[in-house]
Amino acid sequence: MESISLDAIDLKLLDALQNDASQTNQRLAAEVGISPPTCLRRVQRLRQEGLIERQVALLSPDRLATVLGHGLQAVVEISLDRQDAAALDAFEARVIADDAVQQCWRVSPGPDFVLVVVARDMPGYGALTQRLFTADANVRNVKAFFSLKRAKFGARVPLG
Numbered sequence: 001m002e003s004i005s006l007d008a009i010d011l012k013l014l015d016a017l018q019n020d021a022s023q024t025n026q027r028l029a030a031e032v033g034i035s036p037p038t039c040l041r042r043v044q045r046l047r048q049e050g051l052i053e054r055q056v057a058l059l060s061p062d063r064l065a066t067v068l069g070h071g072l073q074a075v076v077e078i079s080l081d082r083q084d085a086a087a088l089d090a091f092e093a094r095v096i097a098d099d100a101v102q103q104c105w106r107v108s109p110g111p112d113f114v115l116v117v118v119a120r121d122m123p124g125y126g127a128l129t130q131r132l133f134t135a136d137a138n139v140r141n142v143k144a145f146f147s148l149k150r151a152k153f154g155a156r157v158p159l160g
């Protein structure tokens with residue numbers, strides 16, 4: 001893996017983009033104090049180097065609930081019977097391919113994985129557990145914690 005060099009301007013750009021990636025290049029350049037062409041080149045370099053994985057829209061589950069229904073969100077601990085590299089990789093590949101899985105963390109000690117999952121309702125969650133956990137003979141234990149309220153959600157990486 002090649003070394004990536006970041007200066008103070010790069011860090012300011014990354015921080016500003018974490019706050020609002022939808023702003024124009026001109027506004028971003030003004031916020032950071034550089035020219036728009038320089039800003040564009042730097043942001044393109046940060047993308048090419050993989051420091052900016054992707055840009056997404058963060059939706060409001062509370063506002064969407066009035067249209068789509070409330071749905072369920074759960075944090076799920078998964079323990080496997082076998083923890084060899086192939087078994088861990090196989091489980092991880094299967095769950096990250098499922099749209100209901102928002103986050104997948106391989107953790108230690110304790111369970112082998114912690115997932116954040118969403119489902120439309122309890123029958124939807126039941127179908128999710130069947131396809132991801134029950135059908136897998138290597139899954140030993142599943143422990144789910146259902147969200148009652150989301151007090152904070154973020155993806156910001158501290159850069160300072």
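Every letter in the sequence shown is one number past the one before it in UniProt numbering, and letter 143, counting from 1, is 143. Glycine included, C-beta positions come from ideal geometry on N, C-alpha and C. Computed from a prediction, not measured in an experiment: that's the story for all the values here.
Note on geometry: alpha-carbon atoms of Glu2 and Pro37 lie some 26 Å from one another.
Short of 6 Å from the beta carbon of Ile52, and not among the five residues preceding or following it, lie these beta carbons of its own chain, in chain order: Leu46.
It is roughly 41 Å from the alpha-carbon of Thr66 to the alpha-carbon of Asp81. If the five residues before and after Gln18 are omitted, its C-beta is found closer than 6 Å to the C-beta atoms of Arg156, all from its own chain and listed in chain order.
Uninterrupted beta strand (DSSP E) stretches at least 3 residues long and entirely within the segment 98-155 occur at 101-106, 113-119, 139-146, given in chain order.
Note on Phe153: under 16 other CB atoms within 10 angstroms of its CB, so exposed under the neighbour-count rule. Val117 sits buried, since 16 or more C-beta atoms from the chains shown fall within 10 Å of its C-beta. The distance from the Cβ of Ala74 to that of Ser147 is about 7 Å, consistent with a contact at the 8 Å cut-off. Fewer than three Cβ pairs drawn from the segment 83-92 and the segment 27-43 lie within less than 8 Å of each other, which leaves the two stretches out of contact. Taking all protein chains shown into account, Arg63 has fewer than 16 neighbouring C-beta atoms within 10 Å of its C-beta and is therefore exposed.
When beta bridges are read from the DSSP output, Leu72 appears opposite Ala119. Per DSSP, the continuous alpha helix (DSSP H) segment holding Thr38 begins and ends at 36-48. Only exposed fits Phe145, as fewer than 16 other CB atoms lie within 10 angstroms of its CB. As DSSP reads the structure, Ile78 sits in a beta bridge with Phe113, Val142.
In this structure, DSSP gives Gln18 a helical state, which the three-state scheme calls helix.
For the 7 Å CB-CB criterion, Val32 and Leu11 do not form a contact.
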